[in-house]
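Trainee: When you line the sequence shown up against our numbering, it's residues 8 to 100, in that order.
Using N, Cα and C, we set each Cβ at its ideal position, and we do this for glycine too.
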Amino acid sequence: MITFNIPQLILGTLISCLIGSLIHLIFGGRPMRLLFAVFFAWIGFWLGDYFGKNYGIILMMYGSINLGASVILSLIGGFLGFWLSGENRPGDL
8 MITFNIPQLI
18 LGTLISCLIG
28 SLIHLIFGGR
38 PMRLLFAVFF
48 AWIGFWLGDY
58 FGKNYGIILM
68 MYGSINLGAS
78 VILSLIGGFL
88 GFWLSGENRP
98 GDL
């Protein structure tokens with residue numbers, strides 16, 4: 008069983024929100040696109056932490072957070088949310 012403490016939750020959530028916000032800053036879009044990118048980056052971060060710990064994928068640990076796998080899946084999740092936002096239709100400026 009994996010347990011979380013409050014500082015770990017706060018730091019992980021801040022890192023994942025930063026990743027989602029940077030994706031939105033670089034590629035632009037409307038506020039809904041920002042929400043999707045941040046939400047999916049948040050989900051990806053915690054899934055990366057979970058899978059990294061359970062399957063022994065230790066790339067870079069910071070305390071009890073597996074940053075390597077978490078950041079990689081957070082980036083993938085952020086781009087997925089950015090793409091799923093529905094604002095990528097041609098002619099939709």
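#1: Assuming Ser81 and Ser23 are in contact, meaning their beta carbons sit under 8 angstroms apart, how far apart are those beta carbons, in whole angstroms?
#2: Per DSSP, which one or two residues make a beta bridge with Met68?
#3: Do you know offhand how far Phe46's Cα is from Leu18's?
#4: Can you tell me whether Gly3 is buried or exposed? The criterion is at least 16 other CB atoms within 10 Å of its CB, across all chains shown.
#5: Thinking Leu91 and Phe43 are a contact (beta carbons under 8 angstroms), I'd like their distance in whole angstroms, please.
Mentor: Based on what the coordinates show:
#1: 5 angstroms
#2: Asn73
#3: 15 angstroms
#4: The structure shown has nothing for residue 3, since the chain only spans 8 to 100.
#5: 6 angstroms
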